[in-house]
Structures are given as C-alpha cells and as structure tokens.
Amino acid sequence: MVSLDFLNDESKEKIVVIWKSMSESDKAHFINQVALALSIWGSDEKGKRVVVEVLKLMSQNGTNTLADFGLYVEKVLGEKESTGLDSKIKRAALIIEGYRIKNSLPSEPHRELF
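In this text, residue positions in the sequence shown follow the working numbering: the first is -16, and each later residue adds one.
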C-alpha cells in the first residue's frame, strides 16, 4: 500500500476526487502502471516515495485521470536523481510507455484547463 503521508491535504483531496470520477478501466490502468513501477523501483519506502511524488506532480498539474500516471513518471526524474533511482525511473518510464502503447492510452495528459 502506498502511503500518501507525503502529500498535503489539498493534493490528497484532488486525488480522491479524481479517483471517484474515473471509469473502472482507467482505475485498472492506473493500478497496473503503479504495479509496474513498483516492480522496478521496489516496494520499499524509496519506491513508494517516488509513486507519491508522481501523484503530487499529477495533482499540481491538473490531470483529471490517474490513468495518466505513466506520463508523469519521467518528469520526476530530475528531482529523484539523488536517491539513486534515476536509472530505475528511466527503465520504469520505458516499460510503462510500452504498456500505454499496448493498451492504446493517450500520449498526452488529460488536464483540466484553468
């Protein structure tokens, strides 16, 4: 289970609202992408922390579906190089990109425009 303790309340609320409005297939795509990422990064605190960082970035960027998770993975790379996960983040981004292509998911995020 990924802990959202590293997120502020506003980000948590946005993620919950997004989750509730998602289709079942989008929920499954989100879960599958997170599982792929954690299989590469590890399910320890470091790996989970990167997942939370991706979620944080998504909530700040105005995405309206967590199924866009894979599109944001590489965007956290610059912030995470010091953790020693940079090569693993790149690898996960490539594998998740393959998953997204195989499942005909969009290559651009779904965003709410303010």
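Where a beta carbon is used, it is the ideal one built from N, C-alpha and C, also for glycine.
All values derive from a computational prediction rather than experimental measurement.
- Taking a 10 Å sphere around the C-beta of Ser42, we find 16 or more other C-beta atoms and assign the residue as buried.
- Scanning Asp51, Leu40, Tyr55 and Val59 for the CA closest to the CA of Lys10 turns up Asp51.
- The criterion of a C-beta distance shorter than 8 Å is not satisfied by Phe13 and Leu40.
- With a 10 Å radius around the Cβ and a threshold of 16 neighbouring Cβ atoms, Gly81 comes out exposed.
- Residue burial annotation: Ala75 is buried, with at least 16 other C-beta atoms found within 10 angstroms of its C-beta.
- Assignment of beta-bridge partners to Thr48 by DSSP yields no partner.
- Going by beta carbons, Pro92 and Asn15 fall outside the 8 Å limit.
- If you look at Val(-1), you'll find it in the alpha helix (DSSP H) that goes Asp(-8) to Ser4.
- Separation of the CB atoms of Leu77 and Asp69 is rounded to 13 Å, and the pair is thereby denied contact status at 8 Å.
- For Glu91, the three-state secondary structure derived from DSSP is coil.
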